[in-house]
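Reading through the structure tokens given below for one structure.
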Amino acid sequence: MLTRRHIRVKVMQSIYAFNQSSNANLQVEQKFLLKSMEEMYDLFLLNLSLLVEVKKRAEDLIEKSQKKHLATAEDKKPNLKFVQNKLIQKIEQNEEFNELLEDRHLDHWQLDDEYVSIIWNKIRESELFTDYLKTRESTFNEDRDFIASVFKEIIAPNEKLYDYLEDKKLTWLDDLPIVNTTVLKLIRKTKESEGVIKIPKLFKNIEDKEFATELFTKALLNQETFAKDIEGKTPNWDQDRIAEIDSILLVMAICEFLKFSSIPVKVTINEYLEVAKEYSTPKSSIFLNGILDKLSKEYKEANKLNKMGRGLM
2 MLTRRHIRVK VMQSIYAFNQ SSNANLQVEQ KFLLKSMEEM YDLFLLNLSL LVEVKKRAED
62 LIEKSQKKHL ATAEDKKPNL KFVQNKLIQK IEQNEEFNEL LEDRHLDHWQ LDDEYVSIIW
122 NKIRESELFT DYLKTRESTF NEDRDFIASV FKEIIAPNEK LYDYLEDKKL TWLDDLPIVN
182 TTVLKLIRKT KESEGVIKIP KLFKNIEDKE FATELFTKAL LNQETFAKDI EGKTPNWDQD
242 RIAEIDSILL VMAICEFLKF SSIPVKVTIN EYLEVAKEYS TPKSSIFLNG ILDKLSKEYK
302 EANKLNKMGR GLM
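Counted the way the numbering used here counts, the sequence shown spans residues 2 to 314.
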């Protein structure tokens, strides 16, 4: 689930929190970093499970309508396209996914089911839903595209859901953009031929998890040293005028230059420019690019870039 860029963002946020706090215990903060990533995975699972819970709510309402004393023709023979949506069925039938929800005690939608109702009502009132129910049958691709649109246009931007998640866990606010993008990508890339939908793991491999902890630790332990390398490279910028996020990103990039031999310099620079565009000021990427370009050339001339493999310089 987490790409290296996502990991860099989480490390950036953790270093910022560390610098702002009075806690100087590096091990405690490292555990907090890992915990925050695990909680981010919880949010991903919750947002995915919300689709299943909304479908169940729709099923309950259909059953109640059919049992009404004065049931209409539509009540007796309702359009079942939504409750039989093939994409949601793939999620619901995934045993691994259900085990993850149980093991992690992710029963939020059962305990706070009013939010399931809020989302269901928004879906039911939407033009998307009206258009979807104009027919009684659909292909897998049509079902998938409908759910992708529902998630993007109704679930992800819902303010009440946003407030609820904020109240549950403050760190989820920063995680929502990444999580929602991941859910949407998973929906869109799912194919009918795949059988059960494949739920991504938090880390692609153990190397990515180690990268997160090592980058966090090495960047913090060498923060003062790396900051000195930045001095003099910003003639038009006083140190106090540099945004704190930019300072952290510079330190992290230098850390990758000098402490991570397998990561190419160009990859490091490109990654931090993209993070800066998303999380810092409008001019940050231009500012960072100039400094990192100068530093990388200086490190190379001084033989400080210990990069292994072809094309890594």
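By construction, the Cβ of each residue, glycine as well, lies at the ideal position given by its N, Cα and C atoms.
task = Please report how far the alpha carbon of L102 lies from the alpha carbon of D108, in whole angstroms.
result = Distance between the alpha carbons of L102 and D108 is about 7 Å.
ask   = By Cβ distance, which residues of its chain are closer than 8 Å to I292, with the 5 residues on each side in sequence left out?
value = Contacts found: I231, K234, T235, L251.
ask   = Taking the Cβ atom as the reference point for each residue, do K87 and F141 lie within a distance shorter than 9 Å?
value = Yes.
task = With a threshold of 16 other CB atoms inside 10 Å of the CB of L222, please say whether the residue is buried or exposed.
result = Counting Cβ neighbours within 10 Å, L222 comes out exposed, since fewer than 16 surround it.
ask   = In the structure shown, what three-state DSSP assignment does F83 receive?
value = The three-state reading of DSSP puts F83 in coil, since its state is none of H, G, I, E or B.
request  = State the start and end residues of the unbroken alpha helix (DSSP H) segment that holds A18.
outcome  = Note, A18: alpha helix (DSSP H), 5-21.
ask   = Would a C-beta distance cut-off of 9 Å place L203 and M2 closer than the cut-off?
value = Going by C-beta atoms, L203 is nearer than 9 Å to M2.
Which listed residue (K11, N271, L46, N48) has its alpha carbon closest to that of E30 = Relative to the Cα of E30, the nearest Cα in the group K11, N271, L46, N48 belongs to K11.
message = Just to confirm before moving on: does the CB-CB distance between N48 and E245 stay below 9 Å?
response = Contact: no.
ask   = Taking DSSP as the reference, what is the three-state secondary structure of F261?
value = DSSP places F261 in coil when its eight states are reduced to three.
Beta-carbon contacts of E193 that lie in its chain and below 6 Å, excluding the five residues immediately before and after = Counting only Cβ-Cβ distances below 6 Å, and skipping sequence neighbours, we find F141.
inquiry  = Is it buried or exposed, M309, if we count other Cβ atoms within 10 angstroms and call 16 or more buried?
reply    = Under a 10 Å Cβ-count criterion, M309 is classified as exposed, with fewer than 16 other Cβ atoms of the shown protein chains found around its own Cβ.
ask   = Beta carbon of E215, beta carbon of K260: below 9 Å?
value = In this structure, K260 lies closer than 9 Å to E215 by Cβ.
key: Start-to-end residues for the alpha helix (DSSP H) that takes in K210   = Unbroken alpha helix (DSSP H) run through K210: 207-222.
task = With DSSP as the reference, please indicate the residues paired to F204 in a beta bridge.
result = Answer is L3, bridged to F204.
task = In the DSSP assignment, find the unbroken alpha helix (DSSP H) run with E178 in it and report its ends.
result = Note that residue 178 is Pro in the sequence shown here, rather than Glu. Unbroken alpha helix (DSSP H) run through P178: 173-190.
task = With DSSP as the reference, label V197 as helix, strand or coil.
result = DSSP, read as helix, strand or coil, puts V197 in coil.
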